[in-house]
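Peer 1:
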Amino acid sequence: MPIHNAEIAAILHEVADLLEIEGENPFRVRAYREAARTVENHPRSLAEMVGKGESLTRLPGIGEDLAGKIREIVRTGTLRQTEELRERVPPGLRSLLGVPGLGPRRVRELHRRLGITSAAELERAAREGRVRRLPGFGEKTERNILEALSRGETPRRFRLASAEPAARALEEHLRGCAAVREVVVAGSFRRRKETVGDLDVVACSHDGRRVVEHFVAFGGVERVVSRGGTRSSVVLKDGLEVDLRVVPEESFGAALLYFTGAQPHHVALRDMALQKKLKLNEYGLFRGEERVAGRTEAEVYGALGLRYIEPELREYRGEIEAASEDALPELLTREDIRGDLHSHTTATDGRNSLEEMARAAEERGYEYLAITDHSRRLRVARGLDERRLREQMEQIDRLNEELEGITLLKGAEVDILEDGSLDLPDGVLRELDVVICSVHHKLRLPEREQTRRVLRALANPNVNILAHPTGRLIGRREPCELDVERVMEAAVERGCILELNANPERLDLNDAHCRLAKEMGVRIAVSTDAHGTNELANIRFGVGQARRGWLEREDVVNTRSLGELRRLLRREGA
DNA sequence: GCCGTTTTCGGCCCGACTGTTTTCAGTCG
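So for the first sequence, this note's numbering puts the first residue at 435; every next one is plus one.
Encoded structure:
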């Protein structure tokens, strides 16, 4: 079984943590962290690249040494260096780095002076009052450690959609403060990352203290972690941490840039600034004492010789180079979307009728909506057999005569059976406007079998779209073992479309896959898989993910007019 | 450990807040 990028990255992260606890050169530690990040973000399988003898040193942050280590991991599944480190640094110490307030320095002291190697030992030492006697520690630190341990705090990530209500409520709350001129939730939320660890709020005001006081009075606040004159940090009742920064108007753009990140993106910008003998921080871009930019982000990018870079691109995946060459993509927007190609009704497991779904889509300004109820294999959803599907097709024909602003497309979401055959006969599939196929059971097949299964389904000439290709559920279910690159090759050959499922629990394909699809020339459908009228609005999450994957209007099929779309679905004029 | 129109050595982002401190280290983002 080839090793996954995520597993390689995990090993590199462990090396970084252990080296840090040992007190290694922090830049060396950072090099491992950056390499790990590069690996986990890389759309292609490194194991495969190693197998093909491709060079790894072209990846950012990976030199000869790390390339060799990655090759060792791919070949042996492990790294001798890690094994050696584990003998010197008890692996339990690693988990202590996750305790708020404990960094590598303090963890090392705890180990060296008190022999602590685990959270349980730390708790005991703190209870016995031994921690407070260490230099640099005190009563308060000891108490904070105990509190953090009793909360059992493991940094938890929130799905974008679960953080959104809090983000909107906070924005509104802060706008209610007279001293606030502008407020934006920045960070990974603004980059539309599929999960966020916390919210970073940037407010524009000349009275920081007043804004901070207003901020900590927000109704959802569980506890205040810190509050100063320009910055504060709180934890909300649902456990989400929120950091606020207040800056004056002339710094707002620079602060947004700083707090939107991603960190490597901003570090690279600082680097560019240094090369131009400028200094970039959250207050502006400076030449000596003089502020040359900072009011808006565009101003800062401009002063660095770059085009404005959309937040979703700021992941340090080539966007800075593209901006300097004026080669940035013109990203997909919500307004580009002309219809939804995946939806369900009460005929199976949806909550609204055909007509209700149609009207809701019409209200969104769509030209078309594909009705794609499940096939019979999905028993829990009361999936349709051929007879019931034909009944629905007739209903759609009748309804289309009444509807004026929108057209319903006749479709189905057909289960891919274990052998790769489809759950409805070709005869009826041929009569549909759009055929989606997807895997809903046997998600744990080995990669070879899963890939063969999906490839066989795509070989059916009636199939248009492969829905939620990897089957992952964010935070709940890992993606299935699937050779996504092979599937994409097949999709290109056969004119099939891959779905970017916009359900915020799925967002499948992920951003890296979208980027790969674009590079390989695979067409994408951004679809909500709505099981009710209220879910059609989930399209915004799909658009965000598409933008993170550098997708443009041309790459996405449901930006086409109905006529163009119909031609595409007949696989003509590809 | 990486990286390079300030190159193969010597840099590597930087400011706020907290707690333990009499001037600052550690942590965090």
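All residues carry an ideal CB built from backbone N, CA and C; glycine is no exception.
On a predicted model such as this, the values are computed, not experimentally measured, just so you know.
From what residue to what residue does the beta strand (DSSP E) around Leu892 run?
Peer 2: As a first step, residue 892 is located in the first sequence; it is residue number 458 there, counting from the start. Element bounds for Leu892: not the beta strand (DSSP E) but the alpha helix (DSSP H), 881-893.
Peer 1: Could you give the residue range of the alpha helix (DSSP H) that holds Phe623?
Peer 2: In the first sequence, the residue the question calls residue 623 occupies position 189. Where Phe623 is concerned, the enclosing alpha helix (DSSP H) stretches over 621-624.
Peer 1: Under 8 Å Cβ to Cβ from Ala792, same chain only, skipping five residues before and after it: list those, please.
Peer 2: Along the first sequence, read from residue 1 onward, the residue named residue 792 stands at position 358. Within the same chain, Ala792 has close Cβ partners Leu803, Leu833, Leu837, Ile840, Leu842.
Peer 1: Would you report the Cα separation of Asn894 and Ile973, rounded to the nearest angstrom?
Peer 2: Looking up residue 894 in the first sequence gives position 460. Looking up residue 973 in the first sequence gives position 539. Whole-angstrom Cα-Cα distance: 28 Å.
Peer 1: Going by DSSP in three states, Asn935 sits in which element: helix, strand or coil?
Peer 2: Locating residue 935 in the first sequence gives position 501, counting from the first residue. Asn935: strand per DSSP, three-state reduction.
Peer 1: Which stretch, first to last residue, makes up the beta strand (DSSP E) that contains Ala553?
Peer 2: Numbered from 1 along the first sequence, position 119 holds the residue referred to as residue 553. Ala553 -> not in any beta strand (DSSP E); alpha helix (DSSP H) instead, spanning 553-561.
Peer 1: Going by the beta-carbon positions, is the gap between Ile771 and Val960 smaller than 8 Å?
Peer 2: Your numbering for residue 771 matches position 337 in the first sequence. Your numbering for residue 960 matches position 526 in the first sequence. Taking 8 Å as the Cβ cut-off, Ile771 and Val960 qualify as a contacting pair.
Peer 1: Is the Cβ-Cβ distance between Val926 and Pro903 less than 8 Å?
Peer 2: Translated into positions along the first sequence, residue 926 becomes position 492. Translated into positions along the first sequence, residue 903 becomes position 469. No, the Cβ-Cβ distance between Val926 and Pro903 is not below 8 Å.
Peer 1: Less than 8 Å between the beta carbons of Ala469 and Leu500, yes or no?
Peer 2: One-based indexing of the first sequence puts residue 469 at position 35. One-based indexing of the first sequence puts residue 500 at position 66. Their beta carbons are under 8 Å apart, which means Ala469 touches Leu500 by this criterion.
Peer 1: Is the beta carbon of Ile931 less than 8 Å from the beta carbon of Asn898?
Peer 2: Within the first sequence, the letter at position 497 stands for residue 931. Within the first sequence, the letter at position 464 stands for residue 898. Yes, Cβ-Cβ distance for Ile931 and Asn898 is below 8 Å.
Peer 1: For Arg547, tell me which candidate among Gly535, Ala601, Gly570 has the shortest Cα-Cα distance.
Peer 2: By 1-based counting over the first sequence, the position of residue 547 is 113. Checked all of Gly535, Ala601, Gly570; the closest Cα to Arg547 is Gly570.
Peer 1: As a quick exercise: from Leu934, Val681, Arg920, Arg949, pick the residue whose alpha carbon is nearest that of Glu753.
Peer 2: Looking up residue 753 in the first sequence gives position 319. Nearest of Leu934, Val681, Arg920, Arg949 to Glu753, Cα basis: Arg949.
Peer 1: Cutting at 7 Å between CB atoms, please list the residues of its own chain near Arg462, excluding the five before and the five after it.
Peer 2: Along the first sequence, one-based indexing puts residue 462 at 28. Cβ within range, chain order: Leu453.
Peer 1: Among the residues of its own chain, which have a CB less than 8 Å from the CB of Ala702, if the five just before and after it don't count?
Peer 2: Translated into positions along the first sequence, residue 702 becomes position 268. Tyr750, Ile754, listed in sequence order.
Peer 1: Considering Cα atoms alone, identify which of Asp867, Val636, Val862, Ala481 is closest to Gly997.
Peer 2: In the first sequence, the residue the question calls residue 997 occupies position 563. Nearest C-alpha to Gly997: Asp867.
Peer 1: Cutting at 6 Å between CB atoms, please list the residues of its own chain near Glu576, excluding the five before and the five after it.
Peer 2: On the first sequence, position 142 is the one that residue 576 refers to. Counting only Cβ-Cβ distances below 6 Å, and skipping sequence neighbours, we find Ala560, Val565, Arg566.
Peer 1: Just to confirm the assignment, what range does the beta strand (DSSP E) spanning His808 have?
Peer 2: The sequence position of residue 808 within the first sequence is 374, counting from 1. 802-808 is the extent of the beta strand (DSSP E) around His808.
Peer 1: Count the other CB atoms within 10 Å of the CB of Asp632; is the residue buried (16 or more) or exposed (fewer)?
Peer 2: Residue mapping note: residue 632 aligns to position 198 of the first sequence, counting from 1. So Asp632 ends up on the buried side.
Peer 1: Could you check if Gln709 is buried or exposed, using at least 16 other CB atoms within 10 Å of its CB as the buried criterion?
Peer 2: The residue labelled residue 709 in the question sits at position 275 within the first sequence. Classification of Gln709: exposed, given that the 10 Å Cβ count is below 16.
Peer 1: Can you tell me which of the three DSSP states Ser685 falls into?
Peer 2: Numbered from 1 along the first sequence, position 251 holds the residue referred to as residue 685. In this structure, Ser685 counts as helix in the three-state DSSP scheme.
Peer 1: For a test of the three-state rule: what should DSSP assign to Arg928, helix, strand or coil?
Peer 2: Position 494 of the first sequence, counted from the first residue, corresponds to residue 928. Of the three classes helix, strand and coil, the one that applies to Arg928 here is helix, per DSSP.
Peer 1: Using a Cβ-Cβ cutoff of less than 6 Å, which residues in the same chain neighbour Ser685 once the five nearest sequence positions on both sides are dropped?
Peer 2: Position 251 of the first sequence holds residue 685. These residues qualify, in order along the chain: Tyr717, Gly718, Gly728.
Peer 1: Consult DSSP for Leu719 and reduce its assignment to one of helix, strand or coil.
Peer 2: Locating residue 719 in the first sequence gives position 285, where the first residue counts as 1. Here Leu719 sits in strand by DSSP.
Peer 1: So for Glu468, helix, strand or coil by DSSP?
Peer 2: Position 34 of the first sequence, counting from 1, holds the residue named residue 468. Note: Glu468 maps to helix in three-state DSSP.
Peer 1: If we call anything under 8 Å between Cβ atoms a contact, is Arg987 one with Thr993?
Peer 2: Translated into positions along the first sequence, residue 987 becomes position 553. Translated into positions along the first sequence, residue 993 becomes position 559. Yes, these two residues count as a Cβ contact at 8 Å.
Peer 1: Just mark Val523 as buried or exposed, buried being the case when its beta carbon has 16 or more other beta carbons within 10 Å.
Peer 2: Taking the first sequence and counting its residues from 1, one reaches residue 523 at position 89. Flag for Val523 reads buried.
Peer 1: Glu847 and Leu879 look like a contact to me (Cβ under 8 Å); what is the Cβ gap, rounded to whole Å?
Peer 2: Translated into positions along the first sequence, residue 847 becomes position 413. Translated into positions along the first sequence, residue 879 becomes position 445. Actually they are not in contact, since the Cβ atoms of Glu847 and Leu879 sit about 20 Å apart, beyond 8 Å.
Peer 1: For Ala440, which residues from the same chain have a beta carbon less than 7 Å from its beta carbon, with the 5 sequence-adjacent residues on both sides left out?
Peer 2: Taking the first sequence and counting its residues from 1, one reaches residue 440 at position 6. So the qualifying residues of the chain are Glu474.
Peer 1: On the DSSP bridge list, what partners appear for Ile442?
Peer 2: Here residue 442 refers to the residue found at position 8 when the first sequence is read from its first residue. Ile442 pairs with nothing; no bridge assigned.
Peer 1: Measuring straight from C-alpha to C-alpha, what distance separates Asp963 and Gly817?
Peer 2: Taking the first residue of the first sequence as 1, we reach residue 963 at position 529. Taking the first residue of the first sequence as 1, we reach residue 817 at position 383. If I take the Cα positions, the gap works out to 15 Å.
Peer 1: Around the Cβ of Met954, are there at least 16 other Cβ atoms within 10 angstroms (buried) or fewer (exposed)?
Peer 2: Position 520 of the first sequence holds residue 954. Burial call: exposed.
Peer 1: In this structure, how does DSSP classify Glu574 when only helix, strand and coil are distinguished?
Peer 2: Locating residue 574 in the first sequence gives position 140, where the first residue counts as 1. Looking at the sequence provided, one finds Lys at residue 574 rather than Glu. Lys574 falls in the helix class under three-state DSSP.
Peer 1: Just curious, the beta strand (DSSP E) that Val655 is in, first and last residue?
Peer 2: Within the first sequence, the letter at position 221 stands for residue 655. Note, Val655: beta strand (DSSP E), 655-661.
Peer 1: With which residues is Val991 paired in a DSSP beta bridge?
Peer 2: Along the first sequence, one-based indexing puts residue 991 at 557. None, per the DSSP bridge assignment.
Peer 1: List the whole-angstrom C-beta distance separating Gly511 from Ile455, where the pair is believed to meet the contact cut-off of C-beta under 8 Å.
Peer 2: Sequence index remark: in the first sequence, residue 511 carries index 77 (1-based). Sequence index remark: in the first sequence, residue 455 carries index 21 (1-based). That belief does not hold up - the Cβ atoms of Gly511 and Ile455 are roughly 24 Å apart, past 8 Å.
Peer 1: Considering only the alpha carbon of each residue, which of Leu823, Ala600, Glu605 lies closest to Pro859?
Peer 2: As a first step, residue 859 must be located in the first sequence, where it is residue number 425. The shortest Cα separation from Pro859 among Leu823, Ala600, Glu605 belongs to Leu823.
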